[in-house]
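Read top to bottom, the protein sequences are chains A and B. Under the numbering used here, think of the first position of the first sequence as 1, with each following residue one higher. Under the numbering used here, think of the first position of the second sequence as 1, with each following residue one higher. Just so it is clear, CB atoms sit at the ideal spot from N, CA and C, and this is done for glycine as well. None of the values given here were measured: they were computed from a predicted structure. Written below as structure tokens is the structure these notes are about.
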Amino acid sequence: MSKRKENNQMIERLADALVEEILNASDEEILKEAEEDYGDPKQAVEKTRAIFDKARSLMGKKKLQAARVELTEQQKHSCAIIEIDPSVARSKLDDILKQHPEAGGEFTLAARKGKELSDEDVIGMLEDLHDIGLYNPDDDQG
Amino acid sequence: MTSIEPATSHLTTSEIVQEISSISDAGWIRLRKVAEKYSYGRICPDDLLHEAFLRALEGRRKCPKGIDVIKFIAETMRSLSSSKLKSLDRKPVLHVISTSNDDDDPGIDPPHHGPTSEQAIISNQESYEIRSAILSLFSDDEIAQVIIEGDMEEIDSKEIQDLTGLDKKAFASKRRLIRRRIDRAFPEGWKQ
Numbered sequence: 001m002s003k004r005k006e007n008n009q010m011i012e013r014l015a016d017a018l019v020e021e022i023l024n025a026s027d028e029e030i031l032k033e034a035e036e037d038y039g040d041p042k043q044a045v046e047k048t049r050a051i052f053d054k055a056r057s058l059m060g061k062k063k064l065q066a067a068r069v070e071l072t073e074q075q076k077h078s079c080a081i082i083e084i085d086p087s088v089a090r091s092k093l094d095d096i097l098k099q100h101p102e103a104g105g106e107f108t109l110a111a112r113k114g115k116e117l118s119d120e121d122v123i124g125m126l127e128d129l130h131d132i133g134l135y136n137p138d139d140d141q142g
Numbered sequence: 001m002t003s004i005e006p007a008t009s010h011l012t013t014s015e016i017v018q019e020i021s022s023i024s025d026a027g028w029i030r031l032r033k034v035a036e037k038y039s040y041g042r043i044c045p046d047d048l049l050h051e052a053f054l055r056a057l058e059g060r061r062k063c064p065k066g067i068d069v070i071k072f073i074a075e076t077m078r079s080l081s082s083s084k085l086k087s088l089d090r091k092p093v094l095h096v097i098s099t100s101n102d103d104d105d106p107g108i109d110p111p112h113h114g115p116t117s118e119q120a121i122i123s124n125q126e127s128y129e130i131r132s133a134i135l136s137l138f139s140d141d142e143i144a145q146v147i148i149e150g151d152m153e154e155i156d157s158k159e160i161q162d163l164t165g166l167d168k169k170a171f172a173s174k175r176r177l178i179r180r181r182i183d184r185a186f187p188e189g190w191k192q
């Protein structure tokens, strides 16, 4: 073992022994030591507790930020189909079902039975196709 | 069952928050002292403690149920600081550099891995100085020196006790004396 590693490891081992001693000391001994070491034990307690509060607050902020990112992503997808001309929507639906007949399912069955689709039905079907990734309203723009 | 979190063998985030929040005054002082010991004069004790709390809260370090939360946070600090020391201990990586005179040879830009040799030497020197300073604190106490050297060599406590000839109570008392003398000599971790 190199001397370099040895010195660091020796200090680590000594720290382990000292920490074990700290963990095994009684509460009374620890509080008495705190008076000697920090002057005001209450202040040392508060200072240490504040480190935990800071970590907790940071974790809360991280969670909030992650939730915001997720919400923005959801909004990007769920609010995509809002304004579309019904005739354009029908034409778009026809195009997609021609290109992806396998995605038609019950849509084409309804059409085959001669049922007339309302504008709402068409929009709803486009939304379903959007959910499975076959329609992107952004492609209609520009 | 009112909790929506699944039952596991580890504390959930809310359980760990509850456990840490209910630590006693003596417990908070213990954590401060442990952070100072594991700082090795190279990490800010407060930063070490903060990182340990954060990892516990984020679940990057999981606290097994039934384990004392103070011991768990102490162990987390130990692991963090040990990694830091090891990163300072890594030997420099050797890279083959082209000696070709060919203008088209792009050569190699060696990647930087970890500390420089200079940083590793400084880290080692710091540990050496701490070790020497600690031993000199007990130049008047041969038994204390045996205990410290035994700890540094990772000799079992019972074996060290046998070497010193102290009974259990006297051995515990000597250990306490050693720690307190080190505490006073290095009030902020290992900084003199």
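The alpha helix (DSSP H) enclosing Lys-158 of chain B, as first and last residue numbers: 157–164
C-alpha distance - Ile-11 of chain A paired with Cys-63 of chain B, whole-angstrom precision: 26 Å
At least three beta-carbon pairs within less than 8 Å, the region 13–21 of chain A to the region 9–21 of chain B: no
Own chain residues within Cβ distance below 6 Å of Ala-185 of chain B, not counting five before or after: Leu-137
Proximal residues of chain A, C-beta to C-beta of Leu-85 of chain B below 7 Å: Asn-8, Glu-12
Inter-residue CB distance, Gly-150 of chain B and Ser-39 of chain B (contact presumed, cutoff 8 Å): No, Gly-150 of chain B and Ser-39 of chain B are not in contact; Cβ-Cβ is about 23 Å, not under 8 Å.
Residue environment, Gly-27 of chain B, which counts as buried when at least 16 other CB atoms sit within 10 Å: buried
Positions along the region 158–190 of chain B whose CB lies within less than 9 Å of some CB in chain A: Ala-172, Arg-175, Arg-176, Ile-178, Arg-179, Arg-180, Ile-182, Asp-183, Arg-184, Pro-187, Trp-190
DSSP three-state assignment for His-130 of chain A, whether helix, strand or coil: DSSP places His-130 of chain A in the helix class (H, G or I) of the three-state scheme.
Supposed contact pair Glu-51 of chain B and Pro-45 of chain B - C-beta distance, whole angstroms, cut 8 Å: Going by Cβ atoms, the distance from Pro-45 of chain B to Glu-51 of chain B rounds to 11 Å, so no, they are not a contact pair.
Status (buried if at least 16 other CB within 10 Å, exposed otherwise) for Ile-182 of chain B: buried
Cβ separation of Ile-147 of chain B and Arg-180 of chain B, assumed to be a contact under 8 Å, to the nearest whole Å: Ile-147 of chain B to Arg-180 of chain B, Cβ: 14 Å. No contact.
Coil, strand or helix - Glu-46 of chain A by DSSP: Of the three classes helix, strand and coil, the one that applies to Glu-46 of chain A here is helix, per DSSP.
Residue interval of the alpha helix (DSSP H) (run including Thr-12 of chain B): First-last for Thr-12 of chain B: undefined, no H or E at that position.
Contacts that His-50 of chain B makes with chain A (C-beta to C-beta distance below 9 Å): What His-50 of chain B touches in chain A: Ile-51, Phe-52, Lys-54, Ala-55, Leu-58.
Status (buried if at least 16 other CB within 10 Å, exposed otherwise) for Thr-48 of chain A: buried
Beta-carbon proximity check, Ile-30 of chain A vs Ile-29 of chain B, cutoff 7 Å: yes
Bounding residues of the alpha helix (DSSP H) (the contiguous stretch that carries Ile-148 of chain B): 142–152
Amino acids of chain B, ordered along the chain, whose beta-carbon sits closer than 8 Å to that of Pro-41 of chain A: Asp-25, Ile-29
Residues bridged to Pro-64 of chain B (per DSSP): Beta-bridge pairing links Pro-64 of chain B to B:His-10.
Under the three-state DSSP convention, the category Glu-116 of chain A falls into: coil
Beta carbon proximity, Leu-54 of chain B to chain A, threshold 7 Å: Under the Cβ criterion of 7 Å, Leu-54 of chain B is counted among the residues facing chain A.
Through-space distance from Ile-143 of chain B to Leu-135 of chain B, alpha-carbon basis: Taking the straight line from one Cα to the other gives about 11 Å.
Extent of the continuous alpha helix (DSSP H) to which His-50 of chain B belongs: 45–58
CB contact below 7 Å: Leu-31 of chain A versus chain B: yes
6 Å Cβ shell around Ile-130 of chain B - same chain, five flanking residues per side excluded: Trp-190
Ala-120 of chain B versus Leu-31 of chain B: straight-line alpha-carbon distance, rounded: Looking at the two C-alpha atoms, the distance is approximately 28 Å.
Contact check, Asp-25 of chain B vs Val-45 of chain A, beta carbons under 7 Å: Asp-25 of chain B is a Cβ neighbour of Val-45 of chain A, given a cutoff of 7 Å.
Leu-14 of chain A and Met-77 of chain B closer than 7 Å at C-beta: no
Contact belief for Leu-57 of chain B with Met-59 of chain A at Cβ below 8 Å, rounded distance in angstroms: 5 Å
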